[in-house]
Amino acid sequence: MERTEQTARKTWRAIAPGLGTASLLALPFALEMRLKRPTQPLTDVWQRLPIEARRTTLLGISFRPPQVAALGLDMRDSLRTLLDYPFQLIRLGAYWKHIEPEPGVFSPDELDWQIAAAEQAGKQIILCVGPLKTFSYPEFFVPAHHLKQPLPEHTLIQPSAYPALLEAATTFITRLVERYKQRKSIVAWQIEHEAVDPLGVEHSWRLAQAFVEKEIEVVRKADPDRPVLLNGFLPTSLPVRLSQWWRTRDQGDSLAVAQRLADIVGIDYYPRHALLKMGNRTLYLDGSQSLWLQGKRKQVFTATHTRRQKLMVTEGQAEPWESVTTPPNPSSQGMYSCLPEQVIINYNTCMRWSQPENPLYAYLFWGAEYWLLRKQSADASYLQAFARILERA
Numbered sequence: 222m223e224r225t226e227q228t229a230r231k232t233w234r235a236i237a238p239g240l241g242t243a244s245l246l247a248l249p250f251a252l253e254m255r256l257k258r259p260t261q262p263l264t265d266v267w268q269r270l271p272i273e274a275r276r277t278t279l280l281g282i283s284f285r286p287p288q289v290a291a292l293g294l295d296m297r298d299s300l301r302t303l304l305d306y307p308f309q310l311i312r313l314g315a316y317w318k319h320i321e322p323e324p325g326v327f328s329p330d331e332l333d334w335q336i337a338a339a340e341q342a343g344k345q346i347i348l349c350v351g352p353l354k355t356f357s358y359p360e361f362f363v364p365a366h367h368l369k370q371p372l373p374e375h376t377l378i379q380p381s382a383y384p385a386l387l388e389a390a391t392t393f394i395t396r397l398v399e400r401y402k403q404r405k406s407i408v409a410w411q412i413e414h415e416a417v418d419p420l421g422v423e424h425s426w427r428l429a430q431a432f433v434e435k436e437i438e439v440v441r442k443a444d445p446d447r448p449v450l451l452n453g454f455l456p457t458s459l460p461v462r463l464s465q466w467w468r469t470r471d472q473g474d475s476l477a478v479a480q481r482l483a484d485i486v487g488i489d490y491y492p493r494h495a496l497l498k499m500g501n502r503t504l505y506l507d508g509s510q511s512l513w514l515q516g517k518r519k520q521v522f523t524a525t526h527t528r529r530q531k532l533m534v535t536e537g538q539a540e541p542w543e544s545v546t547t548p549p550n551p552s553s554q555g556m557y558s559c560l561p562e563q564v565i566i567n568y569n570t571c572m573r574w575s576q577p578e579n580p581l582y583a584y585l586f587w588g589a590e591y592w593l594l595r596k597q598s599a600d601a602s603y604l605q606a607f608a609r610i611l612e613r614a
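Residue numbers (this note's numbering): 222 to 614.
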């Protein structure tokens with residue numbers, strides 16, 4: 222969910238058309254705004270916060286090799302370090318252009334190693350088989366030889382309009398599922414990332430639901446027994462929700478499509494994020510206390526429970542989301558959008574949503590690679606907050 226400062230400006234512009242009558246929305250909009258210095262003092266608040274019990278909910282992380290590279294870390298050392306922590310579930314990604322860098326090449330060696338390492342550590346695995354959109358910025362990993370021209374903006378990508386791309390994508394999916402379906406550690410396949418939403422705000426094209434349905438068909442044909450996961454962004458603030466509705470109003474957003482098509486519905490939960498840098502301060506949206514959010518969340522819980530779908534948090538914010546692509550790493554300070562205590566606060570919030578009669582299947586912390594960077598920079602508080610949750614949950 223990383224964004225550049227240019228992207229933040231685009232976010233601001235994208236929100237405007239969905240706001241409607243400004244006078245009607247002025248109050249909730251203002252209540253969710255924060256103008257803050259982006260860097261904040263580190264405190265020991267995270268050491269004193271209570272930890273909600275997870276009960277049956279599995280805890281885990283997502284692991285992003287592209288983000289590891291962006292942070293200047295070593296991929297294998299990073300994964301080994303994280304796997305030493307006693308969580309239950311890890312989400313790995315099959316990045317299409319990395320596995321198929323040239324025509325006729327299929328090189329999953331690094332993914333093979335990641336899966337083997339996770340298995341050796343006793344973890345369950347959700348494998349995102351992509352193919353077009355996979356978690357980790359820039360979230361788009363189509364090899365150049367399969368897409369000679371960029372996808373046109375303001376377009377719904379229909380399977381009938383892109384038969385060659387769909388065929389290549391489904392061939393890639395099938396090859397991955399056939400390769401790994403004998404691995405008992407893999408408990409679900411994820412198809413796309415926020416499948417039918419725009420690609421951040423950098424691009425306005427979107428996958429049509431029909432395109433995603435074709436991808437799901439080939440997964441279920443290759444492996445009828447494992448569940449399929451689709452995830453979607455849960456907007457925590459009214460301005461973002463209005464923007465999301467406006468941009469996806471023809472077929473619904475990814476969360477709505479997940480409720481229609483998936484066996485497991487994943488929520489991406491980011492309660493606090495930057496919009497725009499303004500001098501030495503940053504304008505943030507914070508919808509963590511939004512009454513509207515509670516209503517939307519209850520609707521998702523009720524709908525998935527009625528349909529007997531599993532519900533999980535695929536991304537629980539545990540790293541900063543500032544107005545630059547790579548989360549800043551200030552010495553002896555933290556970033557306002559996600560201080561170490563927010564790792565616990567966001568987890569606690571979601572555990573309070575989970576009830577014995579309607580529990581969350583899993584909660585995956587988003588930002589584990591950033592925690593390693595912080596530890597390398599003499600701040601282990603993010604990792605320690607995570608370890609404290611695992612110990613006491």
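Every residue gets a Cβ at the ideal spot worked out from N, C-alpha and C, and that includes glycine.
These figures come from a predicted structure and were not determined experimentally.
By the C-beta density criterion, F522 is buried, having at least 16 other C-beta atoms within 10 angstroms.
Beta-bridge partners assigned by DSSP to T260: M556. CA-to-CA, the gap between H375 and T469 works out to about 11 Å. DSSP, reduced to helix, strand and coil, places Q538 within a strand of the structure shown.
Considered as a whole, the stretch 393–455 harbours 407–411, 449–455 as its complete beta strand (DSSP E) runs of no fewer than 3 residues, in chain order. Taking each of R518, I407, E423, L313 in turn and checking the Cα distance to G351, the smallest one comes out for L313.
DSSP places L353 in no alpha helix (DSSP H); its state is neither H nor E. A contact between stretches requires three or more CB pairs, one per stretch, nearer than 8 Å, and the stretch 339–359 meets this requirement with the stretch 411–425. Remark: C-beta atoms of F432 and L482 do not approach each other more closely than 9 Å. Beyond the five residues adjoining it in sequence on each side, L353 comes within less than 6 Å, by CB distance, of V363 in the same chain, given in chain order. Within 10 angstroms of the beta-carbon of E253 lie 16 or more other beta-carbons, which makes it buried.
According to DSSP, F586 shares a beta bridge with I282, G537.
In the DSSP assignment, Y505 falls outside any alpha helix (DSSP H) and lies within the beta strand (DSSP E) extending over 502–507. Secondary structure at D265: coil, using DSSP grouped into helix, strand and coil. Pairing D484 with K435 gives a Cβ-Cβ distance that is not under 9 Å. Its chain contains P549, P551, Q554, G555, M556, Y557 as the residues whose beta carbon lies nearer than 8 Å to that of T260, once the 5 sequence neighbours on both sides are disregarded; these appear in chain order. Here A608 has Y306 as same chain residues with Cβ atoms under 7 Å from its own Cβ, once five neighbours each way along the sequence are excluded.
The shortest C-alpha to C-alpha distance from R404 to any of S458, L348, V449 is the one to L348. DSSP places N579 within a strand segment (E or B) once states are collapsed to three.
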